[in-house]
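Numbering (our numbering), first residue to last: 4 to 631.
Using N, Cα and C, we set each Cβ at its ideal position, and we do this for glycine too.
These numbers were taken from a predicted model, which means no experiment stands behind them.
First the structure, in the form of C-alpha cells, and then the observations on it.
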Amino acid sequence: MNLISIDKLSISKGGRILIEDASFGIDTGDRIALIGTNGSGKSSLLKVLTGQEQPDDGTVSRNNSLYLSQVDQHPHFKEGETILDFIFRDATPQMELVREYESLTEKMAHGDSSEELMEKFHDLTDQMEKLDAWALEGRIKSFLMELKLSNFHAEMNSLSGGMVKKAALVRALSQDFNLLILDEPTNHLDIPTIEWLQEYLSKQDKAFILVTHDRYFLEGICERIVEIDDQSIYQYKGNYSRYLEQKAVRQNIEERKQSRIQTILRNELKWIQRGPRARAGKDKKRTENFYNLMDQRENEQISSAEFSSSYRRLGKKILQLKNIGFAYDRHTIINPFSYQFRRGERIGLIGPNGSGKTTFLNLISERLQPDDGIIDKGLNTHFGYFDQTGTILDGEQKVIDYLTEYAETITLSDGSRLTPSQLLDRFLFPKALYYTPIKDISGGERRRLYLIRILLTNPNFLLFDEPTNDLDLQTLTMLEEYLQEFPGCVILVSHDRYFLDRVTDFQFVFDGKGNISGYAGNYSDYKAADLDEKTQKKQQQKQKKSETRQKVKTESPRKLNFKEKRELESIEDEILEMEGEIEELEKRFSSGFDGSNNKDTVKFYNDKKNLVELKYARWEELAALDQG
C-alpha cells in the first residue's frame, strides 16, 4: 500500500532552489535513508512530507490510512515540561490512561500507600483493562527501561542533548504509526543506545524514512537510498554499500558525459569568442547552452573537492598528563590519570554519556584546570578544537567574511596559496552561498564553515567533540581521509562507530566512575573484546554460584526433614527456570518488545524478579538450617 507520493515537487529556501521537479513514493514496510550534502534540502523535504512546510510546486498525496510519527533533529518542548508531559503530550485516551498509571505507580514506589491512592490505583487498572491499554503500557515501560529514563518528573530543559533525544524516541516509538520519520536520530545518543535503536528498527515491519550520517546504521537497516544531488533526486535499491556501488556506476556515466561536455565547450568557446558582431543573428539558444554546460562542469568540479590545510611540525615534547584528576560539585569525573602522547596517535574516547569525555578534552585544551596533577604541553604543540558549540556564530556575518576575518590568503602544505573563495570552493560551498548571511545557511554548513576556520589555524594536535553531528556523508568521508593522512595527534569523541573505526587505532575507555583505561585497536576491536570479557564473567559467576550451592549441600551436617528436603531440591530447579524466563524477557525488552500479544508481560517480568528474590532467600534459609 502506498503511504505517501510526491510528484514534480520543487522546494526552495531564501531564494535558493533545493529540490526541483522530484518524484518518489513511500510504501508500507519501506526502509528508506535520505542522504545528501549539508543544505541540499533533506530536512526541508521531511517537513514537506509531514505537512509542516509546503512545497513551492508539485503535489504531496497522503493515504487516508497514514499514521505518522516523527523524531525531529532538534526536539521541541515547552517551558517547564517534564519527561512524562513531553512523552504524553497530545495523547490518545489510551496514552492518557497509561500516563496516569505510570505517575501513580511511581508515587507508590516511593512509599505513598494511602487509602485514596490505592482506591485510585484499582480504578485505573480496571480502566486499563477496559481500554486494552496494557499492551501500550508494556511498550512504553520497555522503552523507558531500555533508555534509562527513570526520573519521569525531570524537566526537559534540564536534560542533556542525549536524554532529550531519548525522550523524543520514546514519544515517537510509543505511537500507533505506520510511517516513522527520523531526522538525525543518532545525534547526541551514546553508542549502546544507537545499537539498541538499530536492532529495534531492524525487527519492525513498519515503514520509515530517516536522515543519518551513521553508515553502520545505513548499512544495517536501510533497503533503499534516496539521494538529493544537485537539486535532483536519485534512488538506489539496497543498503549503503549497494548505494556506493550503484553511485560509482552513475558517476562513471557522468564522467563520460563530462568528457563530451569538455569537447563541446571547446567548440562553443571558439564560437562565443568570435564576438557579438560575428554572432549577429545567430541562434540565441546556442549561447544559453554554453552557459548551461559551464554550470554542469562547475558542479562536477565541486563534487570532487578534498580537504587540505597547512601543518606546523610537532616538537620532541608533545603533551604529557601527570596524574591529572578532576571533580565537579564533589563528584569525581576523572580519577588520577597519566599519559604521554606521541606523534601520529589517533585516539578515540568511548564511554557512556556523562562519563567525562568532553571534560577530558577541555582539560587538555586548557579550557579547564585539573584539580590534581600537571598537564605539560610542548612549546610547538598547537591545538585545533572542534567542539559541540561551534555552530554559535555571528548570524549576520557573511560566509566569506567569516574566513577573511582570519586571513586574506591561506598557504597550504604544498606552498600553494588560496583565497577564501577558493577555499570555500574546495570545501564544497556553492558560490551562491559565499555572500549569504551565516544565519541563512544550514546547521551542517555552519559546522563545515567552523571546521574550515579551525584547520586554517594550522593545528598539529586536533581535538574533536562529536564532529559527525550535522555533517553530511561526503564531508565525513573527506574528513576521514584527511585525518588518516594527518601527521600530528588526533583525539576524538564520537558516537559514530564507522568514523571511530576508520580514524582511530587506540581507545581511552571511560567507565563512568572516573576511571580511564586504554585499549589498542579501533572501536569494533574493543567492542568484540569487551563482549568476550562480559561473556566470560557471566559464565564465571554462574560457575561460582553453582559451586557455592554444591558446597553448602556437601557440608551440611544434619539432614532436613522430608518436606524441607523436597523443598530444597525443587527450589533450585525453580530458580534456574525462573532466571531463564527473566533472561529471555530481558532479551525481548532490549529488542524493543511492545507487549502487543501479552498485555501483562511487564507485570509478569516484575513479579518473576520479586519471586526469584524470595526463592533465593528461602533457599539460603534452608541451606543454613541444613548446614547447622
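Could you spell out the range, first to last residue, of the beta strand (DSSP E) harbouring residue 61? 60–65
CB-CB under 8 angstroms to residue 66, same chain, minus the five flanking residues each way: which ones, in chain order? 4, 5, 6 and 7
Tell me which residue opens and which closes the alpha helix (DSSP H) that residue 1 is part of. Not covered by the structure: residue 1. The range shown for the chain is 4 to 631.
Nearest neighbour of residue 37, chosen from 49, 31, 466 and 26 [CA to CA]: 49
State the start and end residues of the unbroken beta strand (DSSP E) segment that holds residue 25. 19–30
Beta-carbon gap between residue 513 and residue 352 smaller than 8 angstroms: yes
What three-state label does DSSP hand residue 50 in the structure shown? helix
Residue span of the beta strand (DSSP E) that contains residue 459, given as start and end: Residue 459 -> no beta strand (DSSP E), and no H or E assigned at all.
Which word fits residue 166, buried or exposed, when buried means at least 16 other C-beta atoms lie within 10 angstroms of its C-beta? buried
Can you find the residues in the same chain that come closer than 6 angstroms, C-beta to C-beta, to residue 56, ignoring five residues on each side of it along the sequence? 50
Measuring CB atoms only, is the segment 333–340 touching the segment 394–408, in the sense that at least three cross pairs come out at less than 8 angstroms? no
Have a look at residue 503 and residue 21 and give me their C-alpha separation to the nearest angstrom. 31 angstroms
Residue 568, DSSP secondary structure in three states: helix
Residue 159 classed as buried or exposed, judged by whether at least 16 other C-beta atoms fall within 10 angstroms: buried
Helix, strand or coil: how does DSSP classify residue 468 here? strand
Residue 110: first and last residue of the uninterrupted beta strand (DSSP E) it sits in: Run containing residue 110: none in the beta strand (DSSP E); it sits in the alpha helix (DSSP H), 96–112.
State buried or exposed for residue 83, treating a residue as buried only when at least 16 other CB atoms are found within 10 Å of its CB. exposed
The beta strand (DSSP E) enclosing residue 510, as first and last residue numbers: 509–513
By Cβ distance below 6 angstroms, which residues in the same chain neighbour residue 602 in space, the five residues on each side in sequence not counted? Bear in mind that a pLDDT of 48 at residue 602, under 50, signals an unreliable position, so the number given afterwards is only what the model happens to contain. For residue 602, where only same-chain residues beyond five positions count, the Cβ hits under 6 angstroms are 137 and 138.
Can you tell me whether residue 118 is buried or exposed? The criterion is at least 16 other CB atoms within 10 Å of its CB, across all chains shown. exposed
So what's residue 420 in DSSP terms, helix, strand or just coil? strand
Which runs of the alpha helix (DSSP H) spanning at least 4 residues fall entirely within the segment 172–210, listed in chain order? 194–205
I'd like the span of the beta strand (DSSP E) that includes residue 387, first residue to last. 386–389
Excluding the five sequence neighbours on either side, which residues of its own chain have a C-beta within less than 8 angstroms of the C-beta of residue 411, listed in chain order? 422 and 423
Does the beta-carbon of residue 304 have 16 or more other beta-carbons within 10 angstroms, so that it is buried, or is it exposed? Note that residue 304 scores a pLDDT of 47, beneath 50, so its modelled location is shaky; the value from the coordinates is reported in the next line. Result: exposed.
For a test of the three-state rule: what should DSSP assign to residue 238, helix, strand or coil? strand
Spatial neighbours of residue 194 within its chain, please: CB distance less than 6 angstroms, with the 5 preceding and 5 following residues excluded, ordered by chain position. 498
The alpha helix (DSSP H) enclosing residue 219, as first and last residue numbers: 218–224
Pick from 618, 39 and 226: whose alpha carbon is nearest that of residue 575? 618
Cβ-Cβ distance between residue 27 and residue 238 below 8 angstroms: yes
Which of the three DSSP states is assigned to residue 331 in this structure? strand
Looking at the strands, I want to know which residues DSSP matches up with residue 634. For the chain, the structure presents residues 4 to 631; residue 634 sits outside this window and is missing.
DSSP three-state assignment for residue 153, whether helix, strand or coil: coil
Checking 8 angstroms against the spacing of the C-beta atoms, do residue 431 and residue 40 come in under that value? yes
In this structure, how does DSSP classify residue 84 when only helix, strand and coil are distinguished? coil
Note down the Cα distance separating residue 161 from residue 142, rounded to an integer number of angstroms. 25 angstroms
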